[in-house]
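As structure tokens, the structure follows; a few thoughts come after it.
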Amino acid sequence: MKMEELSKETLKGFAADYEKGLEPIKDFFSYMPSDTQWLQKRCQDLRERRFSHKQELVTYVENRTKGLPNRNKLDENLHKLKHEDALVVVGGQQAGLFTGPLYSVYKAMSVIILAKTYEKELQRPVVPLFWIAGEDHDLDEVRTIYKKEEHKWKKRLLADEVDGTAASKKHLPQSELHDFIKELFSSLPETAYTTELKAKVENCAAESKTYVDFFMSMMHDLFAEEGLLYLDSDDDVLREIEKPFFKSLILHVEELQAAQIEGETRFATQGYGKPIGTDQENAHLFYTVDGKRYRLNYSDGVFYMADHSLTFTKDELVEEVEKHPSRFSNNVVTRPLMQEWLLPTVAFVAGPGELAYWGTLKESFSLFQFHVTPVMQRMSATIIPRHVEKHLVEQGEDPVFYIEGNGETLKQQWLDAQHSFEIKTYIKRAQEQMEQAHQPLRELAKEMNETLYDISLKNKAFIQDQLTRLETFMTKEIKRRYETELNKYDEAICWLRPQSSPQERMLNPIVLLNVTGSDIVQRLLNELEQHPRRHLLIYI
1 MKMEELSKET LKGFAADYEK GLEPIKDFFS YMPSDTQWLQ KRCQDLRERR
51 FSHKQELVTY VENRTKGLPN RNKLDENLHK LKHEDALVVV GGQQAGLFTG
101 PLYSVYKAMS VIILAKTYEK ELQRPVVPLF WIAGEDHDLD EVRTIYKKEE
151 HKWKKRLLAD EVDGTAASKK HLPQSELHDF IKELFSSLPE TAYTTELKAK
201 VENCAAESKT YVDFFMSMMH DLFAEEGLLY LDSDDDVLRE IEKPFFKSLI
251 LHVEELQAAQ IEGETRFATQ GYGKPIGTDQ ENAHLFYTVD GKRYRLNYSD
301 GVFYMADHSL TFTKDELVEE VEKHPSRFSN NVVTRPLMQE WLLPTVAFVA
351 GPGELAYWGT LKESFSLFQF HVTPVMQRMS ATIIPRHVEK HLVEQGEDPV
401 FYIEGNGETL KQQWLDAQHS FEIKTYIKRA QEQMEQAHQP LRELAKEMNE
451 TLYDISLKNK AFIQDQLTRL ETFMTKEIKR RYETELNKYD EAICWLRPQS
501 SPQERMLNPI VLLNVTGSDI VQRLLNELEQ HPRRHLLIYI
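This is the structure we're talking about:
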């Protein structure tokens, strides 16, 4: 295994401007990574905050992770978190199957690397914590994976009833999951690691009741040696701790609505669009009725739901929080606010999409006398298997061309260089000559009657279609002659830009672990002494 950072920047749009620390961007955040003093400023600001619920929080995390094996490092970090001056680095994601796409793993790696870095620099405890968005009820996204078939990645969904239940409450369909795991592994090449890996995944699944349990079990298997802590944001015990801030969100709903609109409008005026794009009535909270999660709206002094008859005044909803906090959950606006209230967070690790919507929230943070949590962009990477690396070396090609989506162009350029058959030139010439020869026939037919003219148009289209078919057959013959090499190009495209998307958004970690063994993540962490600034290429 070897790693290298790209010399070329791959970030685009707002994420690229943020990394550069451009002047207009600074107005959207309280701290900027480009400011050499941001870490000290953040620590000073946190000294002025009180987290009176911290011991309750530590107890909650301890109890929530109690069933996890190999927990020595985890217990060490729990002990650290109990210290009065302890800080956390946080990153989060929904509870995808098999940890979800690779970027979930990269995000956790970023959290761990940065926690170590800040602890060393500050000389105080800093622990890594992963925020599992257990309230997520988009089950289609949670239960989706892609498995490899030939040179394509096919979307597969775990068979399960979609009923609006949150991932933290949704029980796994064990029989279907067992078959799903079997199907996934049948699509993978048999390696020295396959049998052990399959048994490990099956064991994690069997010992998990819910999607969140399964996610946490799989993540812990990867990060046990680092003691990564976990928080399920939909846990009933956590909701009890969060009651005071839910009440604040309800009591200040008008100001929050105005702050969110103002922040996003200001963001859009700089040309970055509206990443959240919600309406004025959105109260930025969800409420669960009979196991189904509804968006709360607020207008004219009343909280209401679009598809339910229940309504509440502010006082009634505050009372409901006091009695039934587990019925409430946050949305994309209030989740960052709740995180800032709940945790002494020195930094939050975000993907490009998260970074954009966080850029709209400064006014919302200020409403509650918060500074916007420092945001660090997660690491990104592309895995390059040995057979793909061999192809790149043989052709003298840079993987960046594939990663940026130019693989098909490279393939066509290579193919064109292999033969002298000017198929397109001759077909185009024939089409032009046919048009010239056929035009008098169409004109004559038109003079005779409309029916014959219609027939002449169809005749022209038929001849054109035959020329196109001939071009297709000739092109297929060329591709047949060079099929072996073209397959190598297809394989490189399949791995480096699957389905025209970044690899980290399509592939799940099982595909990687099957080739490298389960310790690959720890080996990567051991080699990454600093957080990578640019996109990583990982050759396996």
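341 is the number that UniProt numbering gives to position 341 of the sequence shown; each next residue is one higher, with no gaps.
Each residue gets a CB set at the ideal place from its N, CA and C atoms; glycine is no exception.
For clarity, every value in this text was computed on a predicted model and none was experimentally measured.
Closest residue to His220 among Pro69, Arg124, Arg386 and Asn203 (Cα-Cα distance): Pro69
Three CB pairs or more closer than 8 Å across the stretch 191 to 203 and the stretch 526 to 534: no
Meets three-Cβ-pair contact criterion under 8 Å: the stretch 107 to 124 and the stretch 382 to 391: no
Where the beta strand (DSSP E) containing Leu129 begins and where it ends: Val126 to Ile132
Reference residue 567; option with closest CA among Gly134, Val332, Asn297 and Ala166: Because residue 567 is not part of the residues shown, which for the chain are 1 to 540, the question remains open.
Residues bridged to Lys92 [DSSP beta-bridge criterion]: In the sequence on display, residue 92 carries Gly and not Lys. In the DSSP output, where bridge partners are listed per residue, Gly92 has Trp131.
The beta strand (DSSP E) enclosing Met379, as first and last residue numbers: Where Met379 is concerned, there is no enclosing beta strand (DSSP E), given that its DSSP letter is neither H nor E.
Element boundaries [alpha helix (DSSP H), containing Leu228]: From DSSP, Leu228 is part of no alpha helix (DSSP H); its letter is neither H nor E.
Span of the alpha helix (DSSP H), counted from its first residue to its last, around Tyr18: Gly13 to Lys20
Sufficient close CB pairs (3 or more, under 8 Å) joining the stretch 190 to 197 to the stretch 89 to 99: no
Residues of its chain near Val515, where Cβ-Cβ distance is below 7 Å and the 5 sequence neighbours each way are ignored: Thr191, Pro385 and Ile540
Rounded distance between the beta-carbons of Glu225 and residue 550, thought under 8 Å: Outside the shown range of the chain (1 to 540) lies residue 550, about which nothing can therefore be said.
Close-in-space but distant-in-sequence residues of the same chain around Met32 (CB under 7 Å, 5 per side omitted): Gly21, Lys26 and Trp38
Residue environment, Pro244, which counts as buried when at least 16 other CB atoms sit within 10 Å: exposed
Strand pairing of Glu4, partner residues [DSSP]: Leu537
Alpha-carbon spacing of Tyr453 relative to Ala445, whole angstroms: 5 Å
Alpha-carbon spacing of Glu176 relative to Leu507, whole angstroms: 21 Å
Whole-angstrom distance between Leu81 and Leu337, CA atom to CA atom: 21 Å
Leu229 vs Val127 beta-carbon contact at 8 Å: yes
Given 8 Å, three or more beta-carbon pairs between the stretch 166 to 173 and the stretch 258 to 278: no
Residues of its chain near Thr313, where Cβ-Cβ distance is below 6 Å and the 5 sequence neighbours each way are ignored: none
For Trp153, the residue or residues it bridges with in DSSP: Lys148
Contact under 8 Å by Cβ, Lys209 with His171: yes
Residue 552 (DSSP reduced to helix, strand or coil): There is no way to answer for residue 552, as the model of the chain reaches only from 1 to 540.
Endpoints, beta strand (DSSP E) assigned at residue 546: Missing from the structure shown is residue 546; the chain here goes from 1 to 540 and no further.
Range covered by the alpha helix (DSSP H) that runs through Arg239: Asp236 to Leu251
Cβ separation of Lys113 and Phe215, assumed to be a contact under 8 Å, to the nearest whole Å: In the sequence as displayed, the identity of residue 113 is Ile instead of Lys. The pair is not a contact, with the Cβ atoms about 21 Å apart (cut-off 8 Å).
Contained alpha helix (DSSP H) runs [length at least 4] in the stretch 404 to 434, N- to C-terminal order: 407 to 416
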